[in-house]
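In the order they appear, the protein sequences are chains S and P. Start counting the first sequence at 6; every next residue gets the next number (the working numbering). Start counting the second sequence at 6; every next residue gets the next number (the working numbering). C-beta: ideal position from N, C-alpha, C; glycine also. Here the structure is laid out as structure tokens; the discussion comes afterwards.
2 protein chains.
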Amino acid sequence: MVETRKALKLLREQGYRITTPRRQVLGILAEAQRPLSPYEIQDMLKEKGEYLNHVTIYRVLELLCSLNLAHKVLLAGGFVICSLGESRGCHRFVVCRECGRLKEYASEALCAEETEMAEQLGFRAEQHFSEFSGVCATCQK
Amino acid sequence: MVETRKALKLLREQGYRITTPRRQVLGILAEAQRPLSPYEIQDMLKEKGEYLNHVTIYRVLELLCSLNLAHKVLLAGGFVICSLGESRGCHRFVVCRECGRLKEYASEALCAEETEMAEQLGFRAEQHFSEFSGVCATCQK
DNA sequence: GTATTAGTGCAATAATATTGCATTTGTACC
DNA sequence: GGTACAAATGCAATATTATTGCACTAATAC
């Protein structure tokens, strides 16, 4: 998972402003060990005595996803922060069915194979991701 | 993509009833060349002069997904019918960003690699899927 | 054909997402 | 540090998507 600082740096480099809401959302996502929905993010901020309109949260998440700094996880119905290394548009996750915790991993080999497959099917490849549902080590006990 | 008949057969084998709504939803999904949301399915049925309550559609889709006969595509926000061959819980799609059309493909190699990766991370593997966003041959022109 | 119960429809409600516009705030520049 | 400008946020309204409990219907086994 990426450091908030690095994400903010990337925002600036892309010409986006560093605003309080963006700091807050990144902060919450960075703390969480699991995918969070926009309203969950709002709730977690409330616990800290902070407030953000949900519309703002949606817009921040949209921006972060477009920059590959965050990703929406289908299996979990929430958003996670992504590691900068994979910011080229390739994200791979294993999600625990029980507790929702997830791990991101990378694989050049898988990425290359999938891209080749897409091209064979006539597609000009852009982004891809993979999700794996299972039960994590902790929950197996 | 799977034939409706085969899907119905599998339903029966699993002890589920063959009902009109299930036939209808499977029929619509089989016709469509792209992912459909529950309400889109409802609209397409209306065009045929048929009616299904959206709750029913949600429940049918939930069942189909649990049996790996359908899958929810994150990139497209809709459901597609899946080929029976991959009914073990491994689904791979390429989705066109422009027109929404998608292709399902299979790869034993990718499947094995991903499973191994999940196990290395301490997960007992269950289901997985991969989505690839790109631009299809038709839309590239 | 009839009984049983899975499955559906309905109504109400909850949760999630989007839009336009007024207001605020971050940044560049002085 | 102050100011101008545009980007970003908040608000209100609304749209879309999803869920629940319960009464009713219809698929299957016999």
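Fill in: Closest by C-alpha distance to T9(S), when choosing among G20(S), R22(S) and L34(S)
Of the candidates G20(S), R22(S) and L34(S), the one whose C-alpha sits nearest the C-alpha of T9(S) is L34(S).
Practice prompt. Specify, as a first and last residue, the run of the alpha helix (DSSP H) that R17(S) falls within.
Written response: Here the alpha helix (DSSP H) through R17(S) covers T9 to E18.
Discussion item. Can you tell me whether A81(S) is helix, strand or coil according to DSSP?
Written reply: It is coil, neither helix nor strand.
Worksheet entry | Within chain S, partners of Q132(P) - CB distance below 7 Å | The answer, in chain order, is S138.
Item to complete: Kindly list, in the order they appear in chain S, the residues whose Cβ is closer than 7 Å to that of V99(P).
Response: Residues of chain S passing the Cβ test: A123, L126 and F128.
Fill in: CA-to-CA distance, H59(S) to I23(S), given in whole angstroms
Rounded to the nearest whole angstrom, the C-alpha separation of I23(S) and H59(S) is 18 Å.
Discussion item. Looking only at its chain, what residues have a beta carbon closer than 7 Å to the beta carbon of Y44(P), apart from the 5 residues adjacent to it on each side?
Written reply: Taken in chain order, the residues that qualify are H59.
Worksheet entry | For R38(S), the three-state DSSP class (helix, strand or coil) | Looking at the sequence provided, one finds Gln at residue 38(S) rather than Arg. Looking at Q38(S) - three-state DSSP - the assignment turns out to be coil, as it is neither helix nor strand.
Worksheet item: Secondary structure at K108(S), three-state DSSP: helix, strand or coil?
Response: Annotated three-state conformation of K108(S) is strand, per DSSP.
Practice prompt. Put G32(S) into one of helix, strand or coil per three-state DSSP.
Written response: In this structure, G32(S) counts as helix in the three-state DSSP scheme.
Worksheet item: Name the chain S residues whose beta carbon is nearer than 7 Å to that of K108(P)?
Response: Near K108(P) (Cβ distances below 7 Å), the residues of chain S are L126.
Worksheet item: H76(S) and V65(S): beta carbons closer than 8 Å?
Response: No; because the gap between Cβ atoms is not below 8 Å, this pair is not in contact.
Worksheet item: Are L68(P) and Y110(P) closer than 8 Å when you measure CB to CB?
Response: In this structure, L68(P) sits away from Y110(P), with a CB-CB distance that is not shorter than 8 Å.
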